[in-house]
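Residue numbers (our numbering), protein chains in the order written: chain A, 131 to 465; chain B, 131 to 465. Beta carbons: idealized from backbone N, C-alpha and C, even for Gly. Model, not experiment: these values are computed from the prediction. Only one structure is covered here, and it is reproduced in the block below.
Structure below.
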């Protein structure tokens, strides 16, 4: 009763590196994690948003990635944990404490435990590795640095710490630029450079995160941009703008305030010299011809798990085609 | 339609000072707070139990007093808050954090806020004053010191930090003594001495707390025992032992391990030279004659609010009779 053998493509065991911020980036990171073999994905997380609040080390992007990859995220808010309770905040309010930054009871354990272990001398990357392992996450989530980088937003009222701008002021002040304080002295986590030098690295994916506040802090780390350029693996960015709008968050508002045209092309231009390929939404396909690099267009809005996996496959396929030097949907070919 | 005037005793506006630990002491403190005019009661709280846990400053006796006086206490446990939720602990457990010391979500706000404000440079007494005011407590809860005193328990296995002995080891190791580390260098809160010098101080009440671990740390502060002795107000202790048993906690077990007879007399002997009067339970009335100081016997078990108020009245009445030099139930008179 022999059956016809289905020809199987051998599983691609090459590692993949992704650069990510919070919400949007984490969606694609989850897609990548689901289609790649276990432990083949390393996600480098922006830590420029990190800040000390109530004496606790809060790392919003690390936490969003952790919760998303552990299946513990709150899909309604995009931050924090699902099935959350809020007794701590209610009690803190009674005591006259600072409540502008919402910390759920379950979420709080992450901040307290991280802070305790950092005080004991453990590095942020060691702590993250252990806590994500305990939550059953096979993907490696790597803080971009164990040092301290603090994103500040330049506004007419002066420089504002990122979380105060983002949460406290709800992104209201118009933005004229960004400062990544400490980035010049911070060292990228050594495993990032080590991965970038691997000859078998399959792809470097820049997730559809905010380029200015989620990806640029990573790129601001000394030597990292050069190390990305020197890597043999293709660098693929996924556009965070669809038909002139950001799916979530202040990307479009910021671009507009910075005097930039709010479209996927502008983001590609922002990454010029760094990326080898670009994935943008079908809605923006008319722009593909305007880019002088391999472009793939597809549905980039990630609503379902299948959307996440699909976009991850498209980005990796583009990388593989660039590596093979064949079958590219080159914008210039189409032009 | 004139009614017959009820002769009213003019309200006694003199201040009262109480020394207290947690559970048992807080019950009497509540009784005192309810029968005294607002803001006339100051409760000096033991802080020898304080410790740093998860990077947070935990002050068990201060918190129990605060929750009891605010009506927020959990009457079943004797510690923590009522209507508590436990999401933080559940999440901390997932992360492999230390869970031997239970911290409820609402309770946690107290520790986080206290720790944050201490780091900012505020003193424990300033923070306590503000937080208790916000919870609507008219009574002043005063930490015995703004310095650091750490109670350690001497056992065959060596000195053990109090909370590890009390919560972690559930008081299992036999006790041979206590060390109040830092007490020799700590300064009693200056307002304690100031109150003790007031000519109108009505009474100093030593609450029915554990003498060894709740009251002795207070008495170990430099000059405090002398200041109590020098005060014009009578010092009244309320026995924490009823018919040879402690109502709650390890007092009886400790006395037994220290080679002491477990009864109310032994506690009175422990306070010899310090107290001017003693309140003990009716069950122990036969012992009253054995004490060479004014004694009052009454129901000392505090189950209802009325019990708490009644015991507070008895203790204050004894103090008033000692001050007046009349009407004392002197044990020696009865003998």
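Residue i - containing alpha helix (DSSP H), residue span
{"i": "residue 206 (chain B)", "result": "Residue 206 (chain B) -> no alpha helix (DSSP H), and no H or E assigned at all."}
{"i": "residue 245 (chain A)", "result": "235-249"}
{"i": "residue 159 (chain B)", "result": "153-165"}
{"i": "residue 470 (chain B)", "result": "Here chain B comprises residues numbered 131 to 465, so residue 470 (chain B) is not present and cannot be evaluated."}
{"i": "residue 386 (chain B)", "result": "381-387"}
{"i": "residue 344 (chain B)", "result": "It is not in any alpha helix (DSSP H) - residue 344 (chain B) carries neither H nor E in the DSSP assignment."}
{"i": "residue 350 (chain A)", "result": "Neither: residue 350 (chain A) is in no alpha helix (DSSP H) and is coded neither H nor E."}
Nearest candidate by alpha-carbon position, reference residue i, set the options
{"i": "residue 226 (chain B)", "options": "A:443, A:239 and A:289", "result": "A:239"}
{"i": "residue 372 (chain B)", "options": "B:324, B:327 and B:429", "result": "B:429"}
{"i": "residue 326 (chain B)", "options": "B:358, B:259 and B:298", "result": "B:358"}
{"i": "residue 269 (chain B)", "options": "B:377, B:395 and B:171", "result": "B:171"}
{"i": "residue 376 (chain A)", "options": "A:154, A:190 and A:159", "result": "A:154"}
{"i": "residue 232 (chain A)", "options": "A:394, A:263, A:293 and A:176", "result": "A:293"}
{"i": "residue 236 (chain A)", "options": "B:218, B:230, B:275 and B:280", "result": "B:218"}
{"i": "residue 354 (chain A)", "options": "A:339, A:334, A:370 and A:422", "result": "A:334"}
{"i": "residue 319 (chain B)", "options": "B:302, B:336, B:274 and B:301", "result": "B:274"}
{"i": "residue 361 (chain A)", "options": "A:350, A:390 and A:322", "result": "A:322"}
{"i": "residue 365 (chain A)", "options": "A:409, A:190, A:193 and A:427", "result": "A:409"}
{"i": "residue 427 (chain A)", "options": "A:441, A:434, A:435 and A:168", "result": "A:441"}
{"i": "residue 436 (chain B)", "options": "B:142, B:143, B:163 and B:148", "result": "B:163"}
{"i": "residue 387 (chain A)", "options": "A:143, A:253 and A:303", "result": "A:303"}
{"i": "residue 253 (chain A)", "options": "A:370, A:276 and A:301", "result": "A:276"}
{"i": "residue 224 (chain B)", "options": "A:390, A:260 and A:290", "result": "A:260"}
{"i": "residue 415 (chain B)", "options": "B:400, B:405 and B:395", "result": "B:395"}
Spatial neighbours of residue i in its chain, beta-carbon cut-off 7 Å, leaving aside the 5 residues before and after
{"i": "residue 284 (chain A)", "result": "305, 306, 307, 308 and 309"}
{"i": "residue 166 (chain A)", "result": "146"}
{"i": "residue 465 (chain B)", "result": "Because residue 465 (chain B) carries a pLDDT of 32, less than 50, the predicted location of this residue cannot be relied on, and no value is offered for it."}
{"i": "residue 195 (chain A)", "result": "150, 156, 159, 173, 175 and 271"}
{"i": "residue 73 (chain B)", "result": "Outside the displayed span of chain B (131 to 465) sits residue 73 (chain B), for which this structure offers no information."}
{"i": "residue 443 (chain A)", "result": "165"}
C-beta neighbour in chain A for residue i, strict 9 Å
{"i": "residue 210 (chain B)", "result": "no"}
{"i": "residue 249 (chain B)", "result": "yes"}
{"i": "residue 264 (chain B)", "result": "yes"}
{"i": "residue 238 (chain B)", "result": "yes"}
{"i": "residue 361 (chain B)", "result": "no"}
{"i": "residue 254 (chain B)", "result": "no"}
{"i": "residue 423 (chain B)", "result": "no"}
{"i": "residue 314 (chain B)", "result": "no"}
{"i": "residue 232 (chain B)", "result": "no"}
{"i": "residue 260 (chain B)", "result": "yes"}
Same chain, Cβ closer than 8 Å to residue i, neighbours up to 5 away in sequence not counted
{"i": "residue 145 (chain A)", "result": "170, 171, 172, 325, 328, 330, 331 and 332"}
{"i": "residue 242 (chain B)", "result": "186"}
Residue i: first and last residue of the uninterrupted beta strand (DSSP E) it sits in
{"i": "residue 97 (chain A)", "result": "Residue 97 (chain A) is absent from the model: chain A starts at 131 and stops at 465."}
{"i": "residue 394 (chain B)", "result": "From DSSP, residue 394 (chain B) is part of no beta strand (DSSP E) but of the alpha helix (DSSP H) over 394-400."}
{"i": "residue 150 (chain B)", "result": "146-150"}
{"i": "residue 333 (chain A)", "result": "333-336"}
{"i": "residue 440 (chain A)", "result": "Element bounds for residue 440 (chain A): not the beta strand (DSSP E) but the alpha helix (DSSP H), 435-454."}
{"i": "residue 291 (chain A)", "result": "288-291"}
{"i": "residue 228 (chain B)", "result": "Counting along the chain, residue 228 (chain B) falls outside any beta strand (DSSP E), and DSSP gives it neither H nor E."}
{"i": "residue 186 (chain A)", "result": "186-188"}
Identified DSSP bridge partners for residue i
{"i": "residue 476 (chain B)", "result": "Only positions 131 to 465 of chain B appear in this structure, which leaves residue 476 (chain B) out of reach."}
{"i": "residue 270 (chain B)", "result": "B:172"}
{"i": "residue 281 (chain A)", "result": "A:310"}
{"i": "residue 368 (chain A)", "result": "A:409"}
{"i": "residue 428 (chain A)", "result": "A:411"}
{"i": "residue 183 (chain A)", "result": "A:186"}
Cβ shell of residue i (< 6 Å), same chain only, five flanking positions each side left out
{"i": "residue 450 (chain A)", "result": "none"}
{"i": "residue 411 (chain B)", "result": "372 and 430"}
{"i": "residue 438 (chain A)", "result": "157, 160, 161 and 432"}
{"i": "residue 197 (chain A)", "result": "203 and 211"}
{"i": "residue 215 (chain A)", "result": "235"}
{"i": "residue 382 (chain A)", "result": "375, 376 and 392"}
{"i": "residue 262 (chain A)", "result": "196 and 271"}
{"i": "residue 200 (chain B)", "result": "265 and 267"}
{"i": "residue 244 (chain A)", "result": "187 and 257"}
Neighbour flag for residue i against chain B, beta carbons, 9 Å
{"i": "residue 218 (chain A)", "result": "yes"}
{"i": "residue 185 (chain A)", "result": "yes"}
{"i": "residue 381 (chain A)", "result": "no"}
{"i": "residue 270 (chain A)", "result": "no"}
{"i": "residue 198 (chain A)", "result": "no"}
{"i": "residue 180 (chain A)", "result": "no"}
{"i": "residue 194 (chain A)", "result": "no"}
{"i": "residue 243 (chain A)", "result": "yes"}
Distance cut-off 8 Å: residue i Cβ against heavy atoms of the ligand NAP
{"i": "residue 214 (chain A)", "result": "Inclusion of the ligand NAP in the displayed structure is not the case, the ligand content being empty and no account of it being possible."}
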